[in-house]
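Just below is one structure, and these are the notes that go with it.
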Amino acid sequence: MTERLTIAIQKSGRLSKESISLLNACGVKFSLNEARLIAHSTSHPIDLLRVRDDDIPGLVMDGVVDLGLVGENVLEEVRLERQAVGEAADYKALRPLDFGGCRLSIAVPRESDFEKLEDLNGKRIASTYPYLMQRYLKNNGINVKNVNLTGSVEVAPRAGLADAICDLVSTGATLEANGLVEKEVIFRSQAQLIQRSDKLTADKQAMIDQLLPRIDGVQMAKE
Ligand code: PRT
Ligand code: ZN
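Quick note: the sequence shown uses full-length UniProt numbering, first residue 1, plus one each step.
This is how it looks when you write it as structure tokens:
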């Protein structure tokens with residue numbers, strides 16, 4: 001019996017639809033039951049694991065799933081966090097994917113007197129990506145106090161919780177609506193296809209080797 005290849009994708013969020021569409025376009029079909037964690041492919045020995053995007057890097061790094069589709073922002077944040085606590089943090093980057101594009105930026109209230117990066121020294125910055133933020137700022141010799149939030153970062157300055165924020169931006173409408181101005185892009189991101197770093201069985205590796213040129217074909221056709 002062929003072993004089943006497992007792929008982790010975001011269950012519901014900004015990457016979900018395009019992750020499924022990409023696999024479908026590669027000929028990998030699923031009949032999705034919205035409530036289910038696992039979806040079995042009807043065309044290939046492939047199982048989809050549908051989880052929070054934050055869980056995808058760890059599942060791949062721990063070898064619990066074979067492949068994952070996840071934003072580079074989450075991937076790199078989890079990698080830094082796991083490295084810091086001594087957990088497995090290796091993976092193979094297979095392909096950048098042409099969706100999920102965004103940037104992680106530092107933004108300050110419109111009325112703030114921020115001019116250069118050094119003005120952030122000693123300030124409180126609210127972020128959901130503390131590791132990416134601190135790496136960038138430390139590389140630039142800036143020390144800040146991190147205010148860790150898991151959401152609603154954009155209201156932190158108005159609520160008096162922080163002097164600035166570090167959050168994902170795509171159109172900039174959220175910053176604008178909250179009276180914030182983007183000052184510094186610290187990380188550019190898109191979705192990535194990643195593979196666990198250990199050796200897979202020949203069957204599984206053969207499936208991946210078949211999938212990759214199809215992904216390239218699908219992405220090229222869209223350009
Ligand atoms: O439930 P789960 O944990 O799986 O989902 P989530 O809520 O953590 O993630 P989700 O679905 O919001 O985003 C998944 C991934 O999409 C992110 O990790 C990024 O890789 C990518 N992505 C692309 C974005 C954005 N664009 C984006 N604009 N993720 C979030 N945003 C948010 C941002 O945080 C801010 O609140 O959208 C707002 C800003 O958007 P603009 O257009 O107003 O600038
Ligand atoms: Zn998430």
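We put the CB at the ideal spot given by N, CA and C, even for glycine.
#1: Ends of the alpha helix (DSSP H) at Ser170?
#2: Under 8 Å, with one C-beta from each stretch per pair, do the segment 105-123 and the segment 76-95 reach the 3-pair mark?
#3: Quick check: is any heavy atom of the ligand ZN less than 7 Å from the C-beta of Asp54?
#4: Thr201: beta carbon under 7 Å from a heavy atom of the ligand PRT?
#5: Using the C-alpha atoms, what's the distance from Ala107 back to Ile125?
#6: So for Pro45, helix, strand or coil by DSSP?
#7: What's the C-alpha gap between Ser43 and Gln10?
#8: Flag Ala173 as yes when its Cβ comes closer than 7 Å to any non-hydrogen atom of the ligand PRT, and as no otherwise.
#9: For Asp198, is the classification buried or exposed, using 16 other Cβ atoms within 10 angstroms of its Cβ as the cut-off for buried?
#10: Ser112 and Ile186: beta carbons closer than 8 Å?
#11: Assuming contact is defined by CB atoms lying nearer than 8 Å, are Ala8 and Leu75 in contact in what I supplied?
#12: When DSSP labels each residue in this structure, what does Leu117 get in the three-state scheme?
#13: Closest to Thr2 by C-alpha separation, out of Asn139, Gly179 and Ala206, would be which residue?
#14: Among the candidates Leu200, Arg196, Gln192 and Thr201, whose CA atom is the shortest distance from the CA of Asp216?
#15: Within the segment 7-84, note down every full beta strand (DSSP E) run reaching 3 residues or more, in order along the chain.
#16: Identify every run of the alpha helix (DSSP H) within the segment 93-148, keeping only runs that are complete inside it and at least 4 residues long; order them along the chain.
#17: Locate the alpha helix (DSSP H) running through Ala159, then write down its first and last residues.
#18: On the premise that Ser21 lies in contact with Cys102, defined as a C-beta separation below 8 Å, what is that separation, rounded to the nearest angstrom?
#19: Taking the alpha-carbon positions, what's the Gly71 to Val51 distance?
#20: Please report the residue range of the beta strand (DSSP E) in which Arg188 lies.
#21: Alpha carbon to alpha carbon, what distance is there between Glu154 and Asp209?
Concretely, from the data shown:
#1: From DSSP, Ser170 is part of no alpha helix (DSSP H); its letter is neither H nor E.
#2: They do not touch, by the three-pair rule.
#3: Yes.
#4: Because no heavy atom of the ligand PRT lies under 7 Å away, the Cβ of Thr201 does not count as near it: no.
#5: Straight-line Cα distance between these residues: approximately 9 Å.
#6: If DSSP states are grouped into helix, strand and coil, Pro45 belongs with coil.
#7: The C-alpha of Gln10 is placed about 21 Å away from the C-alpha of Ser43.
#8: Annotation for Ala173 indicates a beta carbon within 7 Å of some heavy atom of the ligand PRT.
#9: When all chains shown are included, Asp198 counts as exposed.
#10: With respect to the 8 Å criterion, Ser112 and Ile186 are not classified as neighbours on the basis of their beta carbons.
#11: The answer is no: Cβ separation not under 8 Å.
#12: Three-state DSSP puts Leu117 in a helix.
#13: Residue Ala206 is the option with its Cα nearest to Thr2.
#14: That would be Gln192, whose Cα lies nearest to the Cα of Asp216.
#15: 38-40, 46-51 and 67-71, all fully within the segment 7-84.
#16: Taking only runs of at least 4 residues, the alpha helix (DSSP H) segments lying wholly in the segment 93-148 are 130-139.
#17: First-last for Ala159: undefined, no H or E at that position.
#18: Contact between Cys102 and Ser21 fails: their C-beta atoms lie close to 18 Å from each other, not under 8 Å.
#19: Using only the alpha carbons, I get a separation of about 13 Å.
#20: Annotation: the continuous beta strand (DSSP E) that includes Arg188 extends over Leu180 to Ser189.
#21: The straight-line gap from Cα to Cα measures roughly 42 Å.
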